[in-house]
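>
Numbering (UniProt numbering), first residue to last: 1 to 375.
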């Protein structure tokens with residue numbers, strides 16, 4: 001029994017020495033990574049599955065196993081590690097082969113990533129690192145991909161839009177919105193919320209002043225409520241003058257993991273919507289006006305792994321992927337692979353129109369006008 005064990009250990013040691021000598025003499029080559037393909041799998045409230053195919057090339061006439069072949073894999077977005085995994089005892093057959101891996105993203109990391117995305121000017125660097133360690137050497141593959149969006153900037157417009165109260169005895173339009181501007185309040189972005197400053201330049205076409213006491217908003221992403229609130233600052237709108245009204249909106253980051261589920265379920269597509277309303281005071285009356293003319297709708301499409309088909313990228317888009325940079329190297333420096341551009345997408349811009357010069361002489365409509373056209 002002892003002799004059999006000694007012979008067995010000697011045989012294994014001989015194989016290891018043989019492999020090491022073969023590499024040193026150049027007879028045996030180091031297995032290399034030819035490429036990595038990723039795609040999202042099932043997603044639920046807590047995790048997002050990522051399926052990975054590692055394309056390996058073993059130039060040797062024999063397969064490699066020996067129990068100590070190890071594969072390490074990680075996915076990070078703006079240095080936030082979303083998924084990582086390791087597998088030991090992997091067999092690398094001779095020639096070309098594909099190794100299938102499955103990892104899971106912790107959805108609670110999504111709000112952390114979102115914070116970095118906005119803080120970084122709506123830019124995300126997707127880094128995928130893979131390393132294979134074998135008795136014959138190591139092979140590694142790094143993929144880098146940039147995802148850019150322009151969510152806040154799409155709110156900018158110089159198009160004049162009328163605002164109607166849609167109330168009895170009220171002559172519409174009651175306001176004109178001549179310009180809108182949007183920007184993230186980046187100095188105040190936190191891991192808890194993402195503030196968004198939205199400005200409206202409004203024109204009062206009436207001959208009497210009135211007050212906007214409240215600006216309210218509701219934000220949804222794929223129908224998931226991610227923010228709501230009201231500003232408490234009032235604005236006096238003088239007759240036939242313009243005024244800038246600010247809405248300090250905010251996205252609650254703790255709701256973004258729920259949004260992420262819908263984003264992946266819809267093949268990385270999100271419909272962002274912000275509904276606005278005003279509380280207007282005139283004399284002793286107070287009424288709400290829904291700003292349907294400036295309700296903000298934007299479709300956001302991402303291609304995090306660069307695996308979406310061209311047919312899936314139609315329509316309005318705000319995510320612009322940069323060219324993928326894939327570089328694979330073995331420990332002997334003999335293997336490299338590069339991937340070219342996979343395209344870019346564009347977003348719509350608003351065409352400005354002329355500023356309104358409406359001179360309606362009253363808020364309330366009637367058969368006859370008194371009190372300077374108010375009634």
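Ideal placement from N, C-alpha and C gives every residue a C-beta, glycine not left out.
Work out the CA separation of residue 116 and residue 186 for me, nearest whole Å.
By 1-based counting over the chain shown, the position of residue 186 is 186. By 1-based counting over the chain shown, the position of residue 116 is 116. If I take the Cα positions, the gap works out to 11 Å.
> Determine the closest residue to residue 102 out of 182, 84, 282, 180, with distance taken between C-alpha atoms.
Start at 1 with the first residue of the chain shown, and residue 102 comes out as number 102. Ranking 182, 84, 282, 180 by Cα distance to residue 102 puts 84 first.
> Residue 376: which of 132, 151, 249 sits nearest, CA to CA?
There is no way to answer for residue 376, as the model of the chain reaches only from 1 to 375.
> Could you round the C-beta distance between residue 90 and residue 63 to whole angstroms and report it? I think they count as a contact, below 8 Å.
Position 90 of the chain shown, counted from the first residue, corresponds to residue 90. Position 63 of the chain shown, counted from the first residue, corresponds to residue 63. Not confirmed; about 11 Å, so no contact.
> Excluding five sequence neighbours on each side, which residues of the same chain lie with their C-beta closer than 8 Å to the C-beta of residue 307?
For the purposes of this step, residue 307 is taken as residue 307 along the chain shown, with counting starting at 1. So the list reads 37, 38, 39, once near-sequence residues are dropped.
> Relative to the C-alpha of residue 76, which residue among 192, 143, 188, 243 is closest?
Taking the chain shown and counting its residues from 1, one reaches residue 76 at position 76. Comparing Cα-Cα distances from residue 76 to each of 192, 143, 188, 243, the minimum goes to 143.
> Return the chain-ordered list of same chain residues with a C-beta closer than 6 Å to the C-beta of residue 346, the five sequence neighbours on each side being excluded.
On the chain shown, residue 346 is found 346 positions in, with the first residue counted as 1. For residue 346, the pLDDT reaches just 35, beneath the cut-off of 50, and the residue's location in the model is therefore unreliable, leaving the point undetermined.
> Do the CB positions of residue 212 and residue 280 come within less than 9 Å of each other?
Mapped onto the chain shown, residue 212 falls at position 212. Mapped onto the chain shown, residue 280 falls at position 280. The answer is yes: Cβ separation under 9 Å.
> Would the beta-carbon of residue 34 fall within 9 Å of that of residue 96?
Counting from one through the chain shown, the residue named residue 34 turns up at place 34. Counting from one through the chain shown, the residue named residue 96 turns up at place 96. Yes, they are a contact pair.
> Count the other CB atoms within 10 Å of the CB of residue 98; is the residue buried (16 or more) or exposed (fewer)?
Your numbering for residue 98 matches position 98 in the chain shown. Exposed, since its Cβ has fewer than 16 Cβ neighbours within 10 Å.
> Confirm, please, whether the CB-CB distance from residue 257 to residue 222 is below 9 Å.
Counting from one through the chain shown, the residue named residue 222 turns up at place 222. Counting from one through the chain shown, the residue named residue 257 turns up at place 257. The answer is no: Cβ separation not under 9 Å.
> Let me check understanding here. Comparing Cα to Cα, which of 194, 206, 49, 182 lies closest to residue 200?
Here residue 200 refers to the residue found at position 200 of the chain shown. The option with the nearest alpha carbon to residue 200 is 182.
> Since residue 220 and residue 231 are thought to touch, with beta carbons under 8 Å apart, how far apart are those beta carbons, to the nearest angstrom?
Looking up residue 220 in the chain shown gives position 220. Looking up residue 231 in the chain shown gives position 231. That pair is no contact at about 19 Å.
> Where residue 275 and residue 290 are concerned, what is the direct C-alpha to C-alpha distance, given to the nearest angstrom?
As a first step, residue 275 must be located in the chain shown, where it is residue number 275. As a first step, residue 290 must be located in the chain shown, where it is residue number 290. For residue 275 and residue 290, the distance between alpha carbons rounds to 8 Å.
> Going by DSSP, which residues form a beta bridge with residue 55?
By 1-based counting over the chain shown, the position of residue 55 is 55. Paired residue(s): 35, 98.
> What residue range does the alpha helix (DSSP H) around residue 264 cover?
Along the chain shown, one-based indexing puts residue 264 at 264. Unbroken alpha helix (DSSP H) run through residue 264: 256-265.
> Roughly how many angstroms separate the alpha carbons of residue 254 and residue 302, rounded to a whole number?
For this step, residue 254 is matched to residue 254 along the chain shown. For this step, residue 302 is matched to residue 302 along the chain shown. Spanning the two alpha carbons is a distance of roughly 21 Å.
> Could you check what DSSP says for residue 93 in three-state terms: helix, strand or coil?
Counting from one through the chain shown, the residue named residue 93 turns up at place 93. Of the three classes helix, strand and coil, the one that applies to residue 93 here is coil, per DSSP.
> How is residue 190 classed by DSSP in three states: helix, strand or coil?
Within the chain shown, residue 190 is the residue found at index 190, counting from 1. It is coil, neither helix nor strand.
> Name the two residues that bound the continuous alpha helix (DSSP H) containing residue 147.
Here residue 147 refers to the residue found at position 147 of the chain shown. That residue, residue 147, is in no alpha helix (DSSP H); its beta strand (DSSP E) goes 137-148.
> Alpha carbon to alpha carbon, how far is residue 304 from residue 148? Give it in angstroms, no decimals.
As a first step, residue 148 is located in the chain shown; it is residue number 148 there, counting from the start. As a first step, residue 304 is located in the chain shown; it is residue number 304 there, counting from the start. Going by the C-alpha atoms only, they are around 10 Å apart.
> Determine the DSSP secondary structure at residue 44, reduced to helix, strand or coil.
What you label residue 44 is simply residue 44 of the chain shown in a count that begins at 1. Residue 44 falls in the coil class under three-state DSSP.
> Do residue 247 and residue 162 have their C-beta atoms closer together than 9 Å?
As a first step, residue 247 must be located in the chain shown, where it is residue number 247. As a first step, residue 162 must be located in the chain shown, where it is residue number 162. Cβ atoms of residue 247 and residue 162: not closer than 9 Å.
> Out of 204, 47, 137, state which residue places its alpha-carbon closest to the alpha-carbon of residue 69.
As a first step, residue 69 must be located in the chain shown, where it is residue number 69. When only C-alpha atoms are compared, the closest one is 137.
> Please report the straight-line C-alpha distance between residue 352 and residue 202, rounded to a whole angstrom.
By 1-based counting over the chain shown, the position of residue 352 is 352. By 1-based counting over the chain shown, the position of residue 202 is 202. Caution is warranted here: a pLDDT of 40 is assigned to residue 352, below 50, making its placement in the model unreliable, and the coordinate value is therefore given only provisionally. Computed Cα separation, rounded: 15 Å.
> Considering residue 205, what are the terminal residues of the beta strand (DSSP E) in which it resides?
Your numbering for residue 205 matches position 205 in the chain shown. That residue, residue 205, is in no beta strand (DSSP E); it is neither H nor E in DSSP.
> Mind checking residue 236: buried by the 16 CB within 10 Å criterion, or exposed?
Working through the chain shown from its first residue, we reach residue 236 at position 236. Its Cβ having fewer than 16 others within 10 Å, residue 236 is exposed.
> Which residues in the same chain have their Cβ closer than 7 Å to the Cβ of residue 265, if we skip the five residues on either side of it in sequence?
The residue labelled residue 265 in the question sits at position 265 within the chain shown. Answer for residue 265: 43, listed in chain order.
> Would you decide whether residue 171 is buried or exposed? Buried here means 16 or more other CB atoms lie within 10 Å of its CB.
Within the chain shown, residue 171 is the residue found at index 171, counting from 1. Looking at its Cβ environment, which holds 16 or more other Cβ atoms inside 10 Å, residue 171 is buried.
> Applying the criterion that 16 or more other CB atoms from any shown protein chain within 10 Å of the CB defines a buried residue, is residue 326 buried or exposed?
Mapped onto the chain shown, residue 326 falls at position 326. In this predicted model, residue 326 has a pLDDT of only 48, less than 50, meaning its place in the structure is not dependable enough to derive any value.
> Hey, could you find the ends of the beta strand (DSSP E) residue 111 is sitting in?
By 1-based counting over the chain shown, the position of residue 111 is 111. Not the beta strand (DSSP E): residue 111 falls in the alpha helix (DSSP H), residues 110-119.
> State buried or exposed for residue 234, treating a residue as buried only when at least 16 other CB atoms are found within 10 Å of its CB.
Working through the chain shown from its first residue, we reach residue 234 at position 234. Result: exposed.
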